[in-house]
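Letter by letter, the sequence shown follows residues 441 to 586 in our numbering.
Glycine included, each C-beta is placed from N, C-alpha and C at the ideal position.
Worksheet: one structure, shown below.
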Amino acid sequence: MADHARKQIRDAVVTALTGLTTTGSRVYASRVYPMGSANLPGLCIYTVEEDIEEATGPRPRTLSRILDVAIEIYAKDNAALDDTIDKICAEVETALGNTKPASVKDLVLSSANTRYDGEGDQPHGVARMVFDAYYQTKEDAPNTIV
441 MADHARKQIR DAVVTALTGL TTTGSRVYAS RVYPMGSANL PGLCIYTVEE
491 DIEEATGPRP RTLSRILDVA IEIYAKDNAA LDDTIDKICA EVETALGNTK
541 PASVKDLVLS SANTRYDGEG DQPHGVARMV FDAYYQTKED APNTIV
């Protein structure tokens, strides 16, 4: 059985963002990956929330879904922290703007914010970007994007 559509979308975003100039291969499909200094700058990609609209008609009905895909950007705290985060944000937006996962109808940046964390082995900044992934599945086939 194929993976749930959410995992397929997450994996496609990881693939699209692996190899960016600033973060390289430091891209993780998890919100709990330990982001120590060896992993900075890096990206964590995970899904947050999903809105599902039920379609009418005979079963199996088509469900329209909007999945929040979060991308957290981690960078070391230094004099260029804001510039580094902005550069990575631009790389992420460009990569996803040019190569949205083929399985989704649309992928749109819906929010972004930045925070700073002085805890851990390396103080760092975190930018969180949320993209809305629009797609559909049949109610009896959550593993198949239609």
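Restricting to runs no shorter than 4 residues, where is the alpha helix (DSSP H) found entirely within the region 501-528? none
Measure the C-alpha to C-alpha separation of Thr554 and Ile449 and round it to an integer number of angstroms. Sequence index remark: in the sequence shown, residue 554 carries index 114 (1-based). Sequence index remark: in the sequence shown, residue 449 carries index 9 (1-based). Roughly 24 Å between the two C-alpha positions.
Relative to the alpha-carbon of Arg446, which residue among Ser465, Val544, Ile525, Leu549 has its alpha-carbon at the smallest distance? One-based indexing of the sequence shown puts residue 446 at position 6. The shortest Cα separation from Arg446 among Ser465, Val544, Ile525, Leu549 belongs to Val544.
In angstroms, rounded to a whole number, what distance separates the CA positions of Leu549 and Asp508? The residue you call residue 549 lines up with position 109 of the sequence shown. The residue you call residue 508 lines up with position 68 of the sequence shown. When rounded, the distance between both Cα atoms is 10 Å.
Which one of Ile506, Arg499, Ala510 has the shortest CA to CA distance from Glu490? To locate residue 490, count along the sequence shown from 1; it is residue 50. Per the Cα distances, Ile506.
Tyr556 burial status per 10 Å Cβ neighbour count (16 or more: buried): For the purposes of this step, residue 556 is identified with residue 116 of the sequence shown, where counting begins at 1. Exposed: under 16 other Cβ atoms inside 10 Å.
By Cβ distance, which residues of its chain are closer than 8 Å to Arg499, with the 5 residues on each side in sequence left out? The residue you call residue 499 lines up with position 59 of the sequence shown. Closer than 8 Å at Cβ, skipping near neighbours: Glu579, Asp580.
Range covered by the alpha helix (DSSP H) that runs through Asp491: Along the sequence shown, one-based indexing puts residue 491 at 51. Taken as a continuous stretch (DSSP letters only), Asp491 belongs to no alpha helix (DSSP H), being part of the beta strand (DSSP E) at 482-494.
With a cut-off of 8 Å on the beta carbons, I'd call Ala469 and Thr584 a contact; round off their distance for me. Looking up residue 469 in the sequence shown gives position 29. Looking up residue 584 in the sequence shown gives position 144. No, Ala469 and Thr584 are not in contact; Cβ-Cβ is about 20 Å, not under 8 Å.
Under the three-state reduction of DSSP, which class applies to Arg555: helix, strand or coil? Locating residue 555 in the sequence shown gives position 115, where the first residue counts as 1. Arg555: strand per DSSP, three-state reduction.
Kindly confirm or deny that the region 534-541 and the region 481-489 touch, where touching means at least three C-beta pairs closer than 8 Å. no
Between Thr462, Arg466, Leu483, Met475, which has its C-alpha nearest Met569's C-alpha? Counting from 1 along the sequence shown, the entry for residue 569 is found at position 129. Among Thr462, Arg466, Leu483, Met475, the Cα nearest to that of Met569 belongs to Leu483.
Which same chain residues, not among the five before or five after Ala542, have their C-beta less than 8 Å away from its C-beta? As a first step, residue 542 must be located in the sequence shown, where it is residue number 102. Excluding sequence neighbours, Ala542 sits near Ala452.
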